[in-house]
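Colleague:
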Amino acid sequence: MSNALQLPIIDLASPDRFSTANSIRKACIDHGFFYLVNHGVDEELVKKVFEQSSNFFSFPIEEKMKLAIKNHRGYTALYAEKLDTTLTTKGDSKETFYLGPLADGLNQWPLEEDLPSWRSAMETYHQKVLSAGTKLLSLIALSLKLDEDFFWKVGALNEQVGVIRLLHYPGSGDSDSSSEEIYGASAHSDYGMITLLMTDGVPGLQICREKSKQPQVWEDVPSISGAFIVNIGDMMERWTNCLFRSTLHRVLPPRQERYSVAFFMDPGKDCIVECLESCCSEACPPRFPPIKASDYLEERFRLTSVK
Numbered sequence: 002m003s004n005a006l007q008l009p010i011i012d013l014a015s016p017d018r019f020s021t022a023n024s025i026r027k028a029c030i031d032h033g034f035f036y037l038v039n040h041g042v043d044e045e046l047v048k049k050v051f052e053q054s055s056n057f058f059s060f061p062i063e064e065k066m067k068l069a070i071k072n073h074r075g076y077t078a079l080y081a082e083k084l085d086t087t088l089t090t091k092g093d094s095k096e097t098f099y100l101g102p103l104a105d106g107l108n109q110w111p112l113e114e115d116l117p118s119w120r121s122a123m124e125t126y127h128q129k130v131l132s133a134g135t136k137l138l139s140l141i142a143l144s145l146k147l148d149e150d151f152f153w154k155v156g157a158l159n160e161q162v163g164v165i166r167l168l169h170y171p172g173s174g175d176s177d178s179s180s181e182e183i184y185g186a187s188a189h190s191d192y193g194m195i196t197l198l199m200t201d202g203v204p205g206l207q208i209c210r211e212k213s214k215q216p217q218v219w220e221d222v223p224s225i226s227g228a229f230i231v232n233i234g235d236m237m238e239r240w241t242n243c244l245f246r247s248t249l250h251r252v253l254p255p256r257q258e259r260y261s262v263a264f265f266m267d268p269g270k271d272c273i274v275e276c277l278e279s280c281c282s283e284a285c286p287p288r289f290p291p292i293k294a295s296d297y298l299e300e301r302f303r304l305t306s307v308k
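Letter by letter, the sequence shown follows residues 2 to 308 in the working numbering.
1. Evaluate the contact criterion for the stretch 223-234 versus the stretch 195-213: three or more CB pairs, one atom per stretch, below 8 Å.
2. Whole angstroms are fine: how far does the CA of G234 sit from the CA of V218?
3. Taking only three categories from DSSP, how would you classify D43?
4. At 3 residues or longer, what runs of the beta strand (DSSP E) sit wholly inside the stretch 87-117?
5. Under 7 Å Cβ to Cβ from A69, same chain only, skipping five residues before and after it: list those, please.
6. T97 to I10, Cα distance in whole Å?
7. Kindly indicate which residue of P291, N56, Q257 and A294 has the alpha-carbon position closest to the one of L167.
8. Which value, in whole angstroms, describes the spacing of the CA atoms of H189 and L249?
9. For Y276 versus A294, is the C-beta distance shorter than 8 Å?
10. Please classify R251 as buried or exposed, where buried requires at least 16 neighbouring CB atoms within 10 angstroms.
11. DSSP has N232 in a bridge; who is on the other side?
12. Assess contact between the stretch 128-143 and the stretch 35-53, defined as three or more Cβ pairs (one per stretch) separated by less than 8 Å. Is contact present?
13. Between G33, M194, S59 and K95, which has its C-alpha nearest K212's C-alpha?
14. Quick one: give me the first and last residue of the beta strand (DSSP E) that A263 is part of.
15. Count the other CB atoms, across all protein chains shown, that sit within 10 Å of the CB of N72; report buried if there are 16 or more and exposed otherwise.
16. So what's A188 in DSSP terms, helix, strand or just coil?
17. Assuming the contact rule is C-beta atoms closer than 8 Å, R259 and Y170 should be a hit. Round their C-beta distance to whole Å, please.
18. Assuming M237 and F229 make a contact with CB atoms under 8 Å, what is their CB distance in whole Å?
19. Determine the direct distance from the alpha carbon of E52 to that of T21, and round the result to whole angstroms.
20. Consider the Cβ of K48: report whether some Cβ of chain C lies at a distance smaller than 8 Å.
21. Rounded to the nearest angstrom, what separates V54 and C243 at their Cα positions?
22. Would you mind sorting E283 into buried or exposed? The rule is 16 or more other CB atoms within 10 Å of its CB.
23. Tell me whether the beta-carbon of M266 lies closer than 8 Å to the beta-carbon of G193.
24. Rounded C-beta distance between V274 and P291? I'm assuming under 8 Å.
25. How many whole angstroms separate the CB atoms of K129 and G41, which I take to be in contact at a CB cut-off of 8 Å?
26. Can you give the Cα-Cα distance for E45 and W110, rounded to whole angstroms?
27. Quick check on DSSP: helix, strand or coil for E220?
28. Near A142, what residues of its chain come up, given a Cβ to Cβ distance below 8 Å and the 5 sequence neighbours on each side ignored?
29. Does DSSP put R120 in a helix, a strand or coil?
30. Quick test of your reading: Y80 and S94, contact by CB under 8 Å. State the CB separation rounded to the nearest angstrom.
31. Tell me where the beta strand (DSSP E) around I208 begins and ends.
Okay, structure coming up:
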């Protein structure tokens with residue numbers, strides 16, 4: 002079953018930072034999801050990124066496979082990933098392209114002659130969303146009664162971070178002849194600190210706030226034009242000892258084509274993620290041992306690729 006959900010709206014440009022931090026705290030405890038507005042990433046740039054994404058995914062598969070994923074950068078084809086590892090079906094009905102931190106030299110780029118200005122659009126988007134995400138993390142630190150620069154100090158933001166994931170879900174038409182349960186993206190939580198998602202407005206995203214309850218109740222997340230949909234990832238849940246929720250979410254296979262762009266802010270690879278003092282006590286001891294960010298992420302990536 003599913004119901005439509007109205008998530009809280011957080012204004013990144015609000016001058017009242019403490020009030021905003023309190024609203025973020027409530028949103029992260031209640032939902033693990035919220036909308037972010039006045040984030041400084043302009044509409045024209047978003048439009049350009051969606052156009053360039055569509056241009057790339059419209060290429061023949063053999064062209065796209067020339068940029069097949071290496072070092073978690075590049076193209077993954079339909080059914081190459083399965084985010085819900087308990088499913089026995091084939092992988093998820095989506096194709097993706099990953100772009101990571103701009104300075105490390107690992108990104109793969111389509112040829113300029115094939116897609117002029119593709120690279121410049123993606124690099125500008127990375128810089129702008131990284132800036133918005135960094136501002137948001139300072140407010141999240143305040144919401145946890147920490148110094149604004151906490152995530153810098155613990156090494157979560159000490160190196161350039163941020164991964165863009167372009168997503169394309171082909172439309173399934175009015176019905177799927179297969180009886181197999183195939184999702185656009187099967188049920189999963191994100192691995193890192195926070196995710197900032199922009200969609201093209203085509204519905205499909207759903208969240209399940211109580212992941213351990215059966216039967217699971219799924220709620221539709223409508224998109225708001227120009228707003229990011231932000232969600233908390235597993236590492237933030239670990240830091241906060243499950244005070245903030247890394248909420249289960251999925252994408253239903255859309256009847257019409259759907260595009261979205263996710264921006265994952267994962268901690269720097271040597272950052273140790275351990276329970277915050279403000280989030281544990283004798284009555285509520287740490288639920289997770291400390292872990293190095295890169296070890297956690299590598300294991301999660303390993304589990305989701307379809308062999």
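Note that beta-carbon positions come from the ideal geometry of N, C-alpha and C, so glycine has one too.
Modeller: On the basis of the data shown:
1. Using a Cβ-Cβ distance cut-off of 8 Å, the stretch 223-234 and the stretch 195-213 are in contact, since at least three pairs of beta carbons, one from each stretch, lie closer than that value.
2. Position 217 of the sequence shown, counted from the start, is the residue given in the question as residue 218. Position 233 of the sequence shown, counted from the start, is the residue given in the question as residue 234. Near 20 Å, if we compare the C-alpha coordinates of G234 and V218.
3. Here residue 43 is taken as the residue at index 42 of the sequence shown, counted from 1. For D43, the three-state secondary structure derived from DSSP is coil.
4. Counting whole runs of 3 or more residues, the stretch 87-117 contains the beta strand (DSSP E) stretches 96-100.
5. For the purposes of this step, residue 69 is identified with residue 68 of the sequence shown, where counting begins at 1. Here A69 has G75 and Y76 as same chain residues with Cβ atoms under 7 Å from its own Cβ, once five neighbours each way along the sequence are excluded.
6. In the sequence shown, the residue the question calls residue 97 occupies position 96. In the sequence shown, the residue the question calls residue 10 occupies position 9. Distance between the alpha carbons of T97 and I10: 28 Å.
7. Along the sequence shown, one-based indexing puts residue 167 at 166. It is N56.
8. In the sequence shown, residue 189 corresponds to position 188, counting from 1. In the sequence shown, residue 249 corresponds to position 248, counting from 1. If you draw a straight line from the Cα of H189 to the Cα of L249, it is about 5 Å long.
9. Here residue 276 is taken as the residue at index 275 of the sequence shown, counted from 1. Here residue 294 is taken as the residue at index 293 of the sequence shown, counted from 1. Residue 276 is actually Cys in this sequence, not Tyr. Going by C-beta atoms, C276 is not nearer than 8 Å to A294.
10. Position 250 of the sequence shown holds residue 251. So R251 counts as buried.
11. In the sequence shown, the residue the question calls residue 232 occupies position 231. Beta-bridge pairing links N232 to F34 and T196.
12. In short, these stretches touch, since the Cβ pair count reaches three.
13. Taking the first residue of the sequence shown as 1, we reach residue 212 at position 211. Checking every option, the nearest Cα to that of K212 belongs to G33.
14. Residue 263 sits at position 262 when you count from the first residue of the sequence shown. Start and end: R259 to M266.
15. As a working mapping, residue 72 is identified with position 71 in the sequence shown. Exposed, because fewer than 16 other Cβ atoms sit within 10 Å of the Cβ of N72.
16. Start at 1 with the first residue of the sequence shown, and residue 188 comes out as number 187. Note: A188 maps to strand in three-state DSSP.
17. Taking the sequence shown and counting its residues from 1, one reaches residue 259 at position 258. Taking the sequence shown and counting its residues from 1, one reaches residue 170 at position 169. Going by Cβ atoms, the distance from R259 to Y170 rounds to 4 Å, so yes, they are a contact pair.
18. The count along the sequence shown starts at 1 and reaches residue 237 at position 236. The count along the sequence shown starts at 1 and reaches residue 229 at position 228. The pair is not a contact, with the Cβ atoms about 16 Å apart (cut-off 8 Å).
19. Indexing the sequence shown from 1 puts residue 21 at position 20. Indexing the sequence shown from 1 puts residue 52 at position 51. Looking at the two C-alpha atoms, the distance is approximately 33 Å.
20. Among the protein chains of the structure shown there is no chain C, as only one such chain exists.
21. Mapped onto the sequence shown, residue 54 falls at position 53. Mapped onto the sequence shown, residue 243 falls at position 242. In the sequence on display, residue 54 carries Ser and not Val. Taking the straight line joining both Cα atoms gives about 35 Å.
22. On the sequence shown, position 282 is the one that residue 283 refers to. Burial call: exposed.
23. The residue you call residue 266 lines up with position 265 of the sequence shown. The residue you call residue 193 lines up with position 192 of the sequence shown. Against a cut-off of 8 Å, the Cβ pair of G193 and M266 comes out as a contact.
24. Here residue 274 refers to the residue found at position 273 of the sequence shown. Here residue 291 refers to the residue found at position 290 of the sequence shown. Correct: roughly 7 Å between the Cβ atoms.
25. Residue numbering aside, residue 129 sits at position 128 when the sequence shown is read from its first letter. Residue numbering aside, residue 41 sits at position 40 when the sequence shown is read from its first letter. Right, their Cβ atoms sit about 7 Å apart.
26. One-based indexing of the sequence shown puts residue 45 at position 44. One-based indexing of the sequence shown puts residue 110 at position 109. Here the alpha carbons of W110 and E45 stand approximately 22 Å from one another.
27. Locating residue 220 in the sequence shown gives position 219, where the first residue counts as 1. Residue state, collapsed to three classes: strand.
28. Position 141 of the sequence shown, counted from the first residue, corresponds to residue 142. So the list reads D148, E149, D150, F151 and F152, once near-sequence residues are dropped.
29. Counting from 1 along the sequence shown, the entry for residue 120 is found at position 119. Assigned with DSSP and collapsed to three states, R120 falls in helix.
30. The residue given as residue 80 occupies position 79 in the sequence shown. The residue given as residue 94 occupies position 93 in the sequence shown. The Cβ separation is near 7 Å, so the contact holds.
31. Taking the sequence shown and counting its residues from 1, the one referred to as residue 208 is at position 207. L206 to C209 is the span of the beta strand (DSSP E), which, as asked, contains I208.
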